[in-house]
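J.:
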Amino acid sequence: MNSQRWECCLALERLLLLHLFLATSIQGHSQRQMIAVSGSNVSLHISNLPALSRVTWFYTANQKIVEWESNRTNFFNSKFKNRASLDERYALCIYKVRKEDSSTYILRVLKDSGKEEDWTISLEVLDPVRKPGIKIQTLQEVNNSCHLKLSCEISGQSANYTWYGDSGPLPTDLQSPVLEITVYRQNFSSYYTCQASNPVSSKNDTIYFSSLCKLGKECLQGAGRGGGECRNGVMSFLLNEMNEERYEDPIQPPAQMEDPKGICET
């Protein structure tokens, strides 16, 4: 009985040692973060790789995407099979990324020395924000002041909101999807702009005022009576034209780490 227990303990010890060996034989590296806009081409790459005998890219810990060994490249049966490639620098190119491609990708390499190393890249794919539309919830003149409540929330999509007036960004405590303020003649602004943004894009909408609690020209029908919208026709047209060509000022989204040097060009 004692001998059986002893053999069981030895077997367990061997398993623990094997697990420890496997865990320590693969050297890990710090994780990189990447953000990409949906529909774009993305290159997952690690710079300055040494001479290698085998390269494997994983979508999850167990799902292989592609493996290179002995100058042969094998793509596995995954959702990336027809929209991914591996270049000569072992960069994984994913074409037309989708939100569901967001994951932590693993690059596992076998060096010529026989040592394995892992790199991880966390990829987050985001849709561009939709254009917000400012709605007037309250527009009421009281004792030479104006009670103003505007909303511009984009339903079903996460975004950061920033409000601007004549003097620039409004105070931090007013930065939310709903702007509610009391306007006096001394802090009157001829317009309010709501900018919705995420790490890959930004869009805005603007409402104009000719005087205290008085909407600007060419307001859409229903403005000021709850849920209405108002824009200056000419300025709104110019803003829309500019927005088609670039991210909107005054905030520029950060540069994205996608497809450096045209690696994923087709």
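Residue numbers (my numbering): 181 to 446. Built from N, CA and C at the ideal position, the CB exists for glycine as well. Being a predicted model, the structure only gives us computed values, none of them experimental.
#1: On the DSSP letters alone, give me the boundaries of the beta strand (DSSP E) that residue 327 sits inside.
#2: On the DSSP letters alone, give me the boundaries of the beta strand (DSSP E) that residue 317 sits inside.
#3: Smallest Cα separation from residue 262: which of 276, 250, 251?
#4: Among 393, 381, 396, 394, whose alpha-carbon lies nearest the alpha-carbon of residue 217?
#5: Give me, in chain order, the residues of the same chain whose beta-carbon lies closer than 7 Å to that of residue 357; leave out the 5 immediate sequence neighbours on both sides.
#6: With a floor of 3 residues, list each beta strand (DSSP E) that falls wholly inside the region 219–303, ordered by position along the chain.
#7: Please classify residue 375: is it buried, with 16 or more other beta-carbons within 10 angstroms of its beta-carbon, or exposed?
#8: Do the CB positions of residue 355 and residue 309 come within less than 8 Å of each other?
#9: Alpha carbon to alpha carbon, how far is residue 213 from residue 224? Give it in angstroms, no decimals.
#10: Cβ of residue 314 within 8 Å of Cβ of residue 300?
#11: Sorted by chain position, which residues of the same chain lie with C-beta nearer than 6 Å to residue 446's C-beta, five sequence neighbours on each side aside?
#12: Relative to the C-alpha of residue 391, which candidate in 372, 378, 368 has its C-alpha closest?
T.: This is what the structure gives:
#1: Position 147 of the sequence shown, counted from the start, is the residue given in the question as residue 327. Element bounds for residue 327: 325–331.
#2: By 1-based counting over the sequence shown, the position of residue 317 is 137. Run containing residue 317: 315–322, per the beta strand (DSSP E) assignment.
#3: Walking along the sequence shown from the start, residue 262 turns up at place 82. Comparing Cα-Cα distances from residue 262 to each of 276, 250, 251, the minimum goes to 276.
#4: Taking the sequence shown and counting its residues from 1, one reaches residue 217 at position 37. Nearest option by C-alpha distance: 381.
#5: Walking along the sequence shown from the start, residue 357 turns up at place 177. Counting only Cβ-Cβ distances below 7 Å, and skipping sequence neighbours, we find 331, 332, 333, 341.
#6: Runs of the beta strand (DSSP E) inside the region 219–303: 222–224, 232–238, 244–249, 252–255, 264–266, 272–274, 283–291.
#7: Within the sequence shown, numbered from 1, the residue matching residue 375 stands at position 195. With 16 or more other CB atoms across the displayed protein chains lying within 10 angstroms of its CB, residue 375 is buried.
#8: As a working mapping, residue 355 is identified with position 175 in the sequence shown. As a working mapping, residue 309 is identified with position 129 in the sequence shown. No, they are not a contact pair.
#9: Here residue 224 corresponds to residue number 44 of the sequence shown, with the count starting at 1. Here residue 213 corresponds to residue number 33 of the sequence shown, with the count starting at 1. Taking the straight line from one Cα to the other gives about 10 Å.
#10: As a first step, residue 314 is located in the sequence shown; it is residue number 134 there, counting from the start. As a first step, residue 300 is located in the sequence shown; it is residue number 120 there, counting from the start. Contact flag unset, no.
#11: Within the sequence shown, residue 446 is the residue found at index 266, counting from 1. A caution first: residue 446 carries a pLDDT of 46, below 50, which makes its placement in the model too unreliable to give a value.
#12: Counting from 1 along the sequence shown, the entry for residue 391 is found at position 211. Ranking 372, 378, 368 by Cα distance to residue 391 puts 368 first.
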